[in-house]
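A.B. asks: What follows is a single structure, and I will ask about it in a moment.
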Amino acid sequence: MQTEADRIATAIQRIREGAMLRPAGQRATYVAENIRRQQDQARRFVAMRNPPSSWSLSQSEAIIHGLVALEAEFRNAGRVAA
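Pasting the structure below:
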C-alpha cells in the first residue's frame with residue numbers, strides 16, 4: 003500500500019518525466035504550469051464544503067514545495083548550460 007509520501011513522490015516524478023520530454027528551455031515552464039495547476043486545485047478544494055476524502059492540504063503543500071524545487075533545478079540547469 004502506498005503511503006502519502008509515496009504518492010507525493012510519484013506525482014513529482016511523473017511531472018519530472020513529463021518535463022524531461024520537453025526541450026531543455028521549456029522544462030521549467032512546464033513545471034511552473036503544474037505548480038499553478040496544483041495551486042488552483044488546492045484553492046478549489048479549500049473553498050468546497052466537502053473536499054474529496056483523498057485530498058489533504060498538507061499533501062498539496064508538499065507537492066507544490068517539491069515542484070518549486072524541481073522548477074529551480076531546471077532553471078539552474080538552464081543557467082549553467084547558457
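Numbering (the numbering used here), first residue to last: 3 to 84.
Beta carbons are placed, not taken as given, at the ideal position from N, Cα and C, and that holds for glycine.
Quick caveat: nothing in here was measured; it's all calculated off a predicted structure.
(1) Would Gln33 be called buried (16 or more neighbouring beta carbons within 10 Å of its own) or exposed?
(2) Taking 8 Å as the cut-off, does the stretch 16 to 23 touch the stretch 61 to 76 (at least 3 CB pairs, one atom from each stretch)?
(3) At 4 residues or longer, and completely inside the stretch 58 to 84: list those alpha helix (DSSP H) runs for me, N to C.
(4) Looking at the structure shown, is Gln4 part of a helix, part of a strand, or coil, going by DSSP?
(5) Among Val48, Ser55, Gln40, which residue has its Cα nearest to the Cα of Ala13?
C.D. replies: In brief:
(1) Per the sequence shown, the amino acid found at residue 33 is Val instead of Gln. So Val33 counts as buried.
(2) Yes: at least three Cβ pairs fall under 8 Å.
(3) Runs of the alpha helix (DSSP H) inside the stretch 58 to 84: 59 to 83.
(4) In the three-state reduction of the DSSP assignment, Gln4 falls in the coil class, being assigned neither a helical nor a strand state.
(5) Gln40 is the residue among Val48, Ser55, Gln40 whose C-alpha sits nearest the C-alpha of Ala13.
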